[in-house]
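Chemist:
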Amino acid sequence: MRDPRTVLRRALLLAPTGLTLFVFMVIPMGLMGWMSVLEPDTYGGVRWHALSLDAYVQFWYERDLDDSLILNTAYMEIFLRSFLLAGFATLATLVLGFPTALYIALQDERTRQRLILLISIPFWTNLLVRTYAWMLLLRNGGLIDSGLGALGLGSGALDVLYTPTAVAIGFVYSFLPFMVLPIYTSLEKMDWRLVEAAFDLGANRWTALRRVVLPMALPGIAAGCLLVFIPALGSYYIPELLGGGKSLMIGNLIQNQFGTARNWPFGAALSFTLLALVLLAMIVYTRRFRQAPGE
Amino acid sequence: MNGHAYSIEIDQVSKRFGHGSEATLALDTVSLNIRTNEFFTLLGPSGCGKTTLLRMIAGFEEPTSGDIRLDGVSLTGRLPFQRPVNTVFQSYALFPHLTVEENVAFGLEMLGRDRAAVREAVTRMLALVKLSDYARRRPHQLSGGQQQRVALARALAPHPKVLLLDESLSALDLKLRKDMQVELKRLQRETGITFVFVTHDQEEALTMSDRIAVMGGGKLQQVGSPEEIYDRPVNRFVADFIGETSFLTAEARGSALEFGAAGRLAEGALGTTAQGPVALAARPERLRLSEDGGLTGVVSEVVYRGADTLYLVTLADGQNCRVRHTNRLGARERAVTGDRVRIAAEPGAFQLLTGEAGHA
Amino acid sequence: MPSIENRLWRFHGVAPTAWLAFVYLYLPIVILVVLSFNANKVATLWTGFSFDWYLRVLENDNILRATRNSLVVATGATVVSTFFATLAALAMASGPFRGKGVMNAMLGLPLLVPEIVTAVASLLFFLALGLELGLTTVLIAHIVFCLPFAYLPIRARLEGLDPRLAEAAADLYASRWQAFRRVTLPLILPGVVSGAMLAFIVSLDDFVITFFVAGAGATTLPVYIFGLIRMGITPEVNAISALLLMVSIAFVVLSYRVGRRPS
Chain A
1 MRDPRTVLRR ALLLAPTGLT LFVFMVIPMG LMGWMSVLEP DTYGGVRWHA LSLDAYVQFW
61 YERDLDDSLI LNTAYMEIFL RSFLLAGFAT LATLVLGFPT ALYIALQDER TRQRLILLIS
121 IPFWTNLLVR TYAWMLLLRN GGLIDSGLGA LGLGSGALDV LYTPTAVAIG FVYSFLPFMV
181 LPIYTSLEKM DWRLVEAAFD LGANRWTALR RVVLPMALPG IAAGCLLVFI PALGSYYIPE
241 LLGGGKSLMI GNLIQNQFGT ARNWPFGAAL SFTLLALVLL AMIVYTRRFR QAPGE
Chain B
1 MNGHAYSIEI DQVSKRFGHG SEATLALDTV SLNIRTNEFF TLLGPSGCGK TTLLRMIAGF
61 EEPTSGDIRL DGVSLTGRLP FQRPVNTVFQ SYALFPHLTV EENVAFGLEM LGRDRAAVRE
121 AVTRMLALVK LSDYARRRPH QLSGGQQQRV ALARALAPHP KVLLLDESLS ALDLKLRKDM
181 QVELKRLQRE TGITFVFVTH DQEEALTMSD RIAVMGGGKL QQVGSPEEIY DRPVNRFVAD
241 FIGETSFLTA EARGSALEFG AAGRLAEGAL GTTAQGPVAL AARPERLRLS EDGGLTGVVS
301 EVVYRGADTL YLVTLADGQN CRVRHTNRLG ARERAVTGDR VRIAAEPGAF QLLTGEAGHA
Chain C
1 MPSIENRLWR FHGVAPTAWL AFVYLYLPIV ILVVLSFNAN KVATLWTGFS FDWYLRVLEN
61 DNILRATRNS LVVATGATVV STFFATLAAL AMASGPFRGK GVMNAMLGLP LLVPEIVTAV
121 ASLLFFLALG LELGLTTVLI AHIVFCLPFA YLPIRARLEG LDPRLAEAAA DLYASRWQAF
181 RRVTLPLILP GVVSGAMLAF IVSLDDFVIT FFVAGAGATT LPVYIFGLIR MGITPEVNAI
241 SALLLMVSIA FVVLSYRVGR RPS
């Protein structure tokens, strides 16, 4: 067990992956944290020796002409909107995803495999393209619009594309598999005889579901919520395409700092804050359920 | 034949797992010698250290202290693939991606034997375990018994000096197990290889072995022939683990055993000449219900078991004792619950247990 | 085992919700694919069947160049990440050791951290090093986020592997290398292939990170499509999107087939 050759072999096997992740993932994130407390250079970039908390101050306050700080709610609104949209997406995918996972779990083995593949295909296929498909559906004169018109229900223009509603629809669509798969995994491992025991002890279907199935699916539900909420919160192109390119969510705001705004420290600070929030959620989850959310 | 009487010598071997306060002693200074071409069985309950010992002979574990020798040469530091020892695993561990013949050929190929020799050996081995028709099958297409025979053929093919069998029959159903027991004995005779067999099944051990080592709590309890182990268990552990036993205490006086209020047994019921308070073990079939018996008691339960009937008797001094009678056609029960009975013993029926005092 | 056939297990509203979910997931995909065969120039108005837009895509030099970039990056990232991940999985499967938790956490990072954060961090890192943004930086970034995707199926395969098999090989005189070559590798191969395929799809599909770390000359297909979409909805975009979608779907189905193959 403590054989030095075993230790060496293990180190050599782990080195390529470990070093790659450390150098190109961990160090960049540290660097990002550092750059968030530097002063921005005029045309992008940073002044390496000029420490400054401006990026974090900028989030809350605006500097007036006379250098006094005025409370600025614009960025907070974006954060709030991001949280609301991501929260809504989480809730909606849960409402849609839990019954779906339960339905799959109740099928026979072969059907289950097939349905899971059917859920997994969107999980792995190009999100950008799938988002684009919604543009086809939602835009004025698009399929839903003309469909409603043909039924005599439309009033001409649907006016959904390029609104937060479109973003919400896109989120639910994009992240639904992220909710279904972990819930299904926890239901699949479940001992259904326990539910039979609940029936036997006089529970009706609803009570059995609420008192037995739901508590046991909880780790899956929590993992699903995390897997939906986190990418939704940091989403960039779904609000960009369906929300109409306005600085609607954190992702767009961050991208903007490296595009037109050219304020790297502010972009780094926003990313770093997002990272901190995510890691916090991770820690809470791991403490509570004692396993990684992907498992 | 080599010059050594012993194939395997286990010399003061201990094995500790874990470190510091979490360490457990799986094997505690065990010494035993296994003779060449012997069918030797390590018998004991789970967790007694028998599998650990087997894995150390195979080379999967190293002893914490002590030495294991094969034909007089120490095996310490030799890796599993450097030892002329092969294992039949409990779960068989057949390679699922290889056919039956590829499985059997594996060891010989690793030893670098030429193609023709491998082919010849594989054919011979498959004939030996009667699986010639299954050469091209995959393991998952075989029944449990067939998989077991492939595992045997695979381990025997390189003609090891020692064959290790780890609970190899426990996964089979009763009938197959009986067949395989006979088969294993035949293979051992025909190949002339030393077999070391690990099992928790005492009946299996008694039927197949030349000698048995009973292990318990990481310690060697007793080594001997099946008769020795069954008839002359040296301590309570061995007597309790193998067969049915009544444990009694008595006073040895001269050649008689005195059981207080229950009476006394005269003349040689005890095999030895010990005196004073003694702890005793007796097999139920060495005792009988008899009018002229020296012990008195009341039958507390009668258990009919087909071939025989077991009588549980509470002796007059409060100790419990089991008596067994073979059933004959048409014969009635000898007693019913509540009957007052007398018990007699064969000469030497009582075995003195060492390491224990009698009544205080 | 419960079964939907059994009345006892029919929870109200579960089946309709599930079917709604499936329709919701697949309707946009189906519509996109159907419209990509539309003869009409107005992208969402059906007038007749046509392959024209696909032909037009195949003649578009920019698209072909972006496709070539995507394939080069995906192939490179797949080969490197699968090789690294296989080595790591072998080490991670060998019992507990110090640093295992750290390694697990690092492997989880690319999966859990929002893409935009990884993208920003990578961009700043490359710029701080003074590296020129291009195919190299894209390739490095892709290797990093492909690692966990390649790793997980291999790890799962190793987890299901009976440790006695390696012992049996050693017992039968196979050296460590021979045991790996002849027993372990063939048995984990489906996991390796499955992992490689997932890495390939993930790389091929990535947009956000590539968008940040690709220089002007390193446009990949998703980045190019994003540019087209921002300019407007056209039948050409439908066709190229449908193509990308179908390639992904084919890969996922194939990867599942291979990965689920019984040992």
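Here the protein sequences line up with chains A, B and C, keeping their order.
For what it's worth, full-length UniProt numbering labels the leading residue of the first sequence as 1, then goes sequentially.
For what it's worth, full-length UniProt numbering labels the leading residue of the second sequence as 1, then goes sequentially.
For what it's worth, full-length UniProt numbering labels the leading residue of the third sequence as 1, then goes sequentially.
Just so you know, even glycine gets a beta-carbon here, dropped at the ideal spot from N, CA and C.
For clarity, every value in this text was computed on a predicted model and none was experimentally measured.
Please report the Cβ distance between B:Leu-295 and B:Gly-263, rounded to the nearest whole angstrom; I am assuming they are in contact, meaning their Cβ atoms lie under 8 Å.
Modeler: Between B:Gly-263 and B:Leu-295 the Cβ distance is about 5 Å, and since that is below 8 Å, they are a contact.
Chemist: How is B:His-97 classed by DSSP in three states: helix, strand or coil?
Modeler: Three-state DSSP puts B:His-97 in coil, outside helix and strand.
Chemist: Listed in chain order, which residues of the segment 88-106 of chain B have Cβ atoms closer than 7 Å to some Cβ of chain C?
Modeler: Residues Phe-89, Ser-91, Ala-93, Phe-95, Pro-96, His-97 and Phe-106.
Chemist: Would you list the residues sitting across from A:Ile-70 in a DSSP beta bridge?
Modeler: DSSP, once it has assigned bridges, lists A:Glu-62 as partnering A:Ile-70.
Chemist: Buried or exposed for C:Phe-49, please, with buried defined as at least 16 other CB atoms from any protein chain shown within 10 angstroms of its CB.
Modeler: Its Cβ having fewer than 16 others within 10 Å, C:Phe-49 is exposed.
Chemist: Count the other CB atoms within 10 Å of the CB of B:Gly-18; is the residue buried (16 or more) or exposed (fewer)?
Modeler: Its Cβ having fewer than 16 others within 10 Å, B:Gly-18 is exposed.
Chemist: Using a Cβ cut-off of 9 Å, pull out every chain A residue sitting near C:Tyr-24, in sequence order please.
Modeler: Neighbours of C:Tyr-24 on chain A, chain order: Leu-96, Val-172, Tyr-173 and Leu-176.
Chemist: With B:His-325 as the anchor, note down where its beta strand (DSSP E) starts and where it stops.
Modeler: Run containing B:His-325: 320-326, per the beta strand (DSSP E) assignment.
Chemist: First and last residue of the alpha helix (DSSP H) that includes B:Thr-314?
Modeler: Taken as a continuous stretch (DSSP letters only), B:Thr-314 belongs to no alpha helix (DSSP H), being part of the beta strand (DSSP E) at 308-315.
Chemist: Distance cutoff 8 Å, beta carbons only. Does C:Pro-186 sit that close to anything in chain B?
Modeler: So yes, C:Pro-186 belongs to the interface.
Chemist: With distances taken Cα to Cα, identify the nearest neighbour of C:Ala-214 among C:His-142, C:Ala-250, C:Leu-189 and C:Cys-146.
Modeler: Of the candidates C:His-142, C:Ala-250, C:Leu-189 and C:Cys-146, the one whose C-alpha sits nearest the C-alpha of C:Ala-214 is C:His-142.
Chemist: What are the start and end residues of the beta strand (DSSP E) that includes A:Asn-252?
Modeler: Element bounds for A:Asn-252: not the beta strand (DSSP E) but the alpha helix (DSSP H), 250-258.
Chemist: Specify the secondary structure class of C:Arg-181 as computed by DSSP and reduced to three states.
Modeler: Reduced to three states, the DSSP call for C:Arg-181 is helix.
Chemist: So, does the CB of A:Val-167 fall closer than 8 Å to a CB anywhere in chain C?
Modeler: False, the Cβ-Cβ gap to chain C never drops below 8 Å.
Chemist: Taking Cβ-Cβ distances shorter than 8 Å, what residues in chain C pair up with A:Ser-271?
Modeler: Those are Ile-116, Val-117, Val-120 and Ala-121, listed as they occur along chain C.
Chemist: In chain A, which residues lie less than 7 Å from C:Ser-248 when you measure between Cβ atoms?
Modeler: Per Cβ cutoff of 7 Å: Trp-124, Thr-125 and Asn-126.
Chemist: What residues from chain A crowd round C:Leu-109, counting only those whose CB sits closer than 9 Å?
Modeler: Leu-21, Met-25, Val-26 and Met-29, listed in chain order.
Chemist: Rounded to the nearest angstrom, how far is the Cβ of C:Ala-93 from that of C:Arg-155, given a contact under 8 Å?
Modeler: Confirmed, about 7 Å.
Chemist: For B:Ser-225, collect the residues of the same chain with a Cβ closer than 6 Å to its Cβ; drop the 5 residues on either side in sequence, then sort them by chain order.
Modeler: Around B:Ser-225: Arg-211.
Chemist: Between B:Ala-121 and chain C, is there a C-beta pair that is closer than 8 Å?
Modeler: Not closer than 8 Å to any Cβ of chain C, the Cβ of B:Ala-121 fails to qualify, so no.
Chemist: Alpha carbons only, please: which of B:Arg-340, B:Glu-38, B:Phe-81 and B:Pro-284 is nearest the one belonging to B:Gln-351?
Modeler: Ranking B:Arg-340, B:Glu-38, B:Phe-81 and B:Pro-284 by Cα distance to B:Gln-351 puts B:Pro-284 first.
Chemist: For the 8 Å Cβ check, are there 3 or more pairs between the segment 17-26 of chain C and the segment 87-102 of chain A?
Modeler: The segment 17-26 of chain C is in contact with the segment 87-102 of chain A.
Chemist: List the whole-angstrom C-beta distance separating B:Val-122 from B:Ala-105, where the pair is believed to meet the contact cut-off of C-beta under 8 Å.
Modeler: Between B:Ala-105 and B:Val-122 the Cβ distance is about 5 Å, and since that is below 8 Å, they are a contact.
Chemist: Is there a C-beta anywhere in chain C that falls below 8 Å from the one on B:Ala-58?
Modeler: Answer yes: the Cβ-Cβ gap between B:Ala-58 and chain C drops below 8 Å somewhere.
Chemist: Along the chain, where does the alpha helix (DSSP H) that runs through A:Thr-125 open and close?
Modeler: Looking at the DSSP string, A:Thr-125 is not in any alpha helix (DSSP H), and its letter there is neither H nor E.
Chemist: For a test of the three-state rule: what should DSSP assign to C:Lys-41, helix, strand or coil?
Modeler: Residue state, collapsed to three classes: coil.
Chemist: Beta-carbon separation of C:Ile-218 and A:Pro-28 under 8 Å?
Modeler: Just to set this straight, residue 218 of chain C is Ala in the shown sequence, not Ile. Against a cut-off of 8 Å, the Cβ pair of A:Pro-28 and C:Ala-218 comes out as no contact.
Chemist: Using the beta-carbon of each residue, which ones in chain C are nearer than 8 Å to A:Ile-144?
Modeler: Those do not exist, as A:Ile-144 stays about 10 Å from chain C at its closest Cβ, beyond 8 Å.
Chemist: Under 8 Å, Cβ to Cβ, is there at least one residue of chain C near B:Leu-79?
Modeler: It does: the Cβ of B:Leu-79 has a partner Cβ on chain C nearer than 8 Å.
Chemist: Between B:Pro-158 and chain C, is any beta-carbon pair separated by less than 8 Å?
Modeler: For B:Pro-158, the answer is yes, since a Cβ of chain C falls inside 8 Å of its Cβ.
Chemist: Residues in the same chain with beta-carbon distance under 7 Å from B:Glu-244, minus the five sequence neighbours each way, listed in chain order, please.
Modeler: If we look at B:Glu-244 and ignore the five residues flanking it on each side, its Cβ neighbours are Arg-283, Pro-284 and Arg-322.
Chemist: Taking a Cβ distance cut-off of 7 Å, strictly less, list which residues of the segment 150-176 of chain C are near chain B, in chain order.
Modeler: If the cut-off is 7 Å between Cβ atoms, the segment 150-176 of chain C has Asp-162, Arg-164, Leu-165, Glu-167, Ala-168, Ala-170, Asp-171, Leu-172, Tyr-173, Ala-174 and Ser-175 near chain B.
Chemist: When you check each C-beta in the segment 225-253 of chain B against every C-beta of chain C, which residues fall closer than 8 Å?
Modeler: Cβ contacts with chain C: none found.
Chemist: Is the shortest distance between the beta-carbon of B:Met-110 and the beta-carbons of chain C less than 8 Å?
Modeler: Taking Cβ atoms only, chain C reaches closer than 8 Å to B:Met-110, which makes this a yes.
Chemist: May I ask which residues mark the beginning and end of the beta strand (DSSP E) holding B:Leu-75?
Modeler: Where B:Leu-75 is concerned, there is no enclosing beta strand (DSSP E), given that its DSSP letter is neither H nor E.
Chemist: Return helix, strand or coil for B:Lys-161, following the three-state DSSP convention.
Modeler: Looking at B:Lys-161 - three-state DSSP - the assignment turns out to be coil, as it is neither helix nor strand.
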